[in-house]
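In this note's numbering, the protein residues as written are 76 to 187.
Note that the Cβ used here is the ideal one computed from N, Cα and C, for glycine as well.
The next block holds one structure in the form of structure tokens; read it before the comments.
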Amino acid sequence: MSSGTLSSCLNHPSIEAVGRCKQCGKPFCGTCEILGPTGRFCSDACKQRHEVFVKRASKLDDMRRTSGVFGKLMARLKKLLVYAAAILIIAVVIHFFGVRVPIVSDIISKVL
Ligand SMILES: [Zn+2]
Ligand SMILES: [Zn+2]
Numbered sequence: 076m077s078s079g080t081l082s083s084c085l086n087h088p089s090i091e092a093v094g095r096c097k098q099c100g101k102p103f104c105g106t107c108e109i110l111g112p113t114g115r116f117c118s119d120a121c122k123q124r125h126e127v128f129v130k131r132a133s134k135l136d137d138m139r140r141t142s143g144v145f146g147k148l149m150a151r152l153k154k155l156l157v158y159a160a161a162i163l164i165i166a167v168v169i170h171f172f173g174v175r176v177p178i179v180s181d182i183i184s185k186v187l
């Protein structure tokens with residue numbers, strides 16, 4: 076009876092595992108081990124799945140980076156739009172009240 080630090084292989088219960096799959100975390104022995112560019116895996120399916128995952132993660136990271144620059148620009152544009160809208164609203168309000176408030180309509184007639 077051997078009691079190692081790692082559990083036995085996923086496919087060979089009698090053989091002690093040498094590592095764990097980077098994709099699913101299952102233990103594998105030296106025979107079952109599959110080496111991939113992104114790590115060690117229990118099966119080819121796990122290797123491929125992890126490669127797709129890594130590719131997708133890096134793509135997402137790229138998207139986040141570009142959207143960060145784009146987002147800053149959009150935030151600046153939004154701020155400008157908010158200012159423009161606020162000025163427009165104030166102008167409309169002043170103009171609307173200007174009909175009844177002589178001082179304000181006097182200012183408007185001087186500005187325009
Ligand atoms: Zn696996
Ligand atoms: Zn095995």
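With a cut-off of 8 Å on the beta carbons, I'd call residue i and residue j a contact; round off their distance for me.
i: K134; j: F116; result: Actually they do not touch by this definition, with Cβ atoms about 21 Å apart.
i: G143; j: H125; result: In fact, because the Cβ distance is near 26 Å, the residues do not count as touching under 8 Å.
Here's a check: name, in chain order, each residue in its chain whose Cβ is nearer than 6 Å to the Cβ of residue i, leaving out the five neighbours to either side.
i: R95; result: P102
i: V157; result: none
i: H87; result: C104
i: K122; result: I109, G111, F116
Once DSSP output is grouped into helix, strand and coil, what is the label at residue i?
i: S142; result: helix
i: G79; result: Confidence in G79 is poor, its pLDDT being 46 and thus under 50, which makes the residue's placement unreliable; the coordinate value appears in the next sentence. Coil at G79, not helix or strand.
i: I90; result: coil
i: L84; result: A small fix is needed here, since residue 84 is Cys in this sequence, not Leu. Three-state DSSP puts C84 in coil, outside helix and strand.
i: L70; result: No information on residue 70 is available, as it lies outside the stretch 76 to 187 that the chain covers here.
Give me the DSSP bridge partner(s) of residue i.
i: I102; result: It is worth fixing the name first, because residue 102 is Pro in this sequence and not Ile. The partner list for P102 (beta bridge, DSSP) reads R95.
i: L155; result: Partner(s): none; L155 has no beta bridge.
i: I109; result: F116
Excluding the 5 residues preceding and the 5 following residue i in the sequence, name in chain order all residues of the same chain whose CB lies nearer than 7 Å to its CB.
i: I90; result: S83, C84, C104
Can you give me the Cβ contacts of residue i inside the same chain, cut-off strictly under 8 Å, excluding the 5 residues immediately before and after it?
i: S72; result: The structure shown does not extend to residue 72, since the chain is modelled only from 76 to 187, so the question has no answer here.
With hydrogens ignored, establish whether the beta-carbon of residue i is closer than 7 Å to any heavy atom of ligand 1.
i: S82; result: no
i: K134; result: no
i: K101; result: yes
i: C104; result: no
i: F145; result: no
i: F116; result: yes
Any chance the CB of residue i is under 7 Å from a heavy atom of ligand 2?
i: I109; result: no
i: H125; result: no
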